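In this note's numbering, the protein residues as written are 17 to 247.
Here's the structure, in structure tokens; my notes come after.
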Amino acid sequence: MEELLEGLQGTGLFSGIPEEILENCVLPHRQIQEYHKGLFLIGPQQRVNRLGIVLSGKIHLMHIFTEGGYSLMSSLSPGEILGADLIFTRSQLAPYHAMAAADTRVVYFPAELVTQPGMLPEKWRTELLQRLTAWISTLNMKKEYRLAILSQNGLRERITTYLTMQASRRQKTAFTISYSREELAAFLCVNRSALSHELSRMQNEGLITFRKNYFCLHFLNPTDNGKILPF
């Protein structure tokens, strides 16, 4: 219990919420589930009426196509929220798969904790609603940035747009991304072999240096803010 309480207090959703509120009003409604790597937490058209907080592991949100390929929308790391974009919709039906990308542990709470009065003091329910609104807004912005990447016609343009956004987010031109090569290809909706080939070409041309998921961008001037997109 103590470890779970500390874990929740370290998340963006529950940080600063009084311990007695968490112990007496939140934790009694908890349900903890564990998933082995490769298991699905959510499938398309599945009704989602609970919030999940990732305690450990990693979750991929993806679209899986009939021919077996997939498009990686985003990933959730410890402390991030699963289902916040679904519980406020009219149908609560998921349009995507959520898959454990590693052995994963999630603590769930019923949506009514925040969507209906009575389970929490109204002051703290309102606070959680505001935080969820901010979380959903951030998710929407990430989707807009991904659309900007996917709207690029060429493979190199998609790569440079993505890397430029990552540089802007970190405010530096050398960084490590959270995606493997296969995951990055799925995120960019490109062939993995073609992605690896193009990255090697860019490195040979002196545009980037990379090793696994570490990148150093030479095509950006770190003092030229006009070249860095906001993220």
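Backbone N, C-alpha and C fix where the C-beta goes; we use that ideal spot for every residue, glycine too.
Note that the structure is a prediction, hence the values are computed from the model and not measured.
Assigned secondary structure, H234 (DSSP; H/G/I helix, E/B strand, else coil): Working through the sequence shown from its first residue, we reach residue 234 at position 218. In the structure shown, H234 sits in coil (DSSP, three-state: anything other than H, G, I, E or B).
Same chain only: Cβ atoms within 7 Å of S212, ignoring 5 sequence neighbours per side: Here residue 212 refers to the residue found at position 196 when the sequence shown is read from its first residue. Within the same chain, S212 has close Cβ partners R197.
Alpha helix (DSSP H) segment containing I165, residue limits: For the purposes of this step, residue 165 is identified with residue 149 of the sequence shown, where counting begins at 1. Taken as a continuous stretch (DSSP letters only), the alpha helix (DSSP H) holding I165 covers E138 to L166.
Per DSSP, cross-strand counterpart(s) of Q47: Looking up residue 47 in the sequence shown gives position 31. According to DSSP, which records beta bridges pairwise, Q47 is partnered with Y124.
Backbone secondary structure at A183 - three-state DSSP: By 1-based counting over the sequence shown, the position of residue 183 is 167. The answer is helix: DSSP assigns A183 an H, G or I state.
Buried or exposed (CB count within 10 angstroms, at least 16 for buried), M89: As a first step, residue 89 must be located in the sequence shown, where it is residue number 73. Per the 10 Å Cβ criterion, buried.
Paired residues, beta bridge with T192 - DSSP: Here residue 192 refers to the residue found at position 176 of the sequence shown. T192 pairs with Y230.
Assigned secondary structure, V42 (DSSP; H/G/I helix, E/B strand, else coil): As a position in the sequence shown, residue 42 is number 26, starting the count at 1. Helix, per DSSP.
Bridge partner(s) assigned by DSSP for G68: Position 52 of the sequence shown, counted from the start, is the residue given in the question as residue 68. Per DSSP, L98 and Y124.
Exposed unless 16 or more other CB atoms sit within 10 angstroms - verdict on M3: Only positions 17 to 247 of the chain appear in the structure, and residue 3 is not among them; the question remains open.
C-alpha gap between M115 and E199, whole angstroms: To locate residue 115, count along the sequence shown from 1; it is residue 99. To locate residue 199, count along the sequence shown from 1; it is residue 183. Cα to Cα, the separation comes out at about 13 Å.
From N220, S167 and G99, residue whose alpha carbon lies closest to that of I152: Looking up residue 152 in the sequence shown gives position 136. Nearest of N220, S167 and G99 to I152, Cα basis: G99.
Inter-residue spacing [alpha-carbon to alpha-carbon] between I33 and E18: As a first step, residue 33 must be located in the sequence shown, where it is residue number 17. As a first step, residue 18 must be located in the sequence shown, where it is residue number 2. Taking the straight line from one Cα to the other gives about 15 Å.
Within 8 Å, strictly: CB atoms of F226 and L215: Start at 1 with the first residue of the sequence shown, and residue 226 comes out as number 210. Start at 1 with the first residue of the sequence shown, and residue 215 comes out as number 199. Cβ atoms of F226 and L215: closer than 8 Å.
Contacts around T189, its chain only, beta-carbon distance under 7 Å, and the 5 residues preceding and following it disregarded: Walking along the sequence shown from the start, residue 189 turns up at place 173. So the qualifying residues of the chain are A183, C232, L233, L236 and P238.
Buried or exposed (CB count within 10 angstroms, at least 16 for buried), E35: Along the sequence shown, one-based indexing puts residue 35 at 19. Its Cβ having fewer than 16 others within 10 Å, E35 is exposed.
For G134 and I80, the rounded distance between their alpha carbons: Position 64 of the sequence shown, counting from 1, holds the residue named residue 80. Position 118 of the sequence shown, counting from 1, holds the residue named residue 134. About 39 Å.
One or two residues paired with T225 in a DSSP bridge: Here residue 225 is taken as the residue at index 209 of the sequence shown, counted from 1. Per DSSP, C232.
Buried or exposed by the 16-neighbour rule on C-beta atoms within 10 Å, applied to Y178: In the sequence shown, the residue the question calls residue 178 occupies position 162. The residue is buried, with at least 16 neighbouring Cβ atoms inside 10 Å.
Cβ-Cβ distance between G59 and T120 below 8 Å: For the purposes of this step, residue 59 is taken as the residue at position 43 of the sequence shown. For the purposes of this step, residue 120 is taken as the residue at position 104 of the sequence shown. No, Cβ-Cβ distance for G59 and T120 is not below 8 Å.
Coarse secondary structure for F104, derived from DSSP in three states: As a working mapping, residue 104 is identified with position 88 in the sequence shown. Three-state result, F104: coil.
Other residues of its chain near R147: CB distance less than 7 Å, five sequence neighbours each side excluded: Numbered from its first residue, the sequence shown carries residue 147 at position 131. The residues are G28 and L29.
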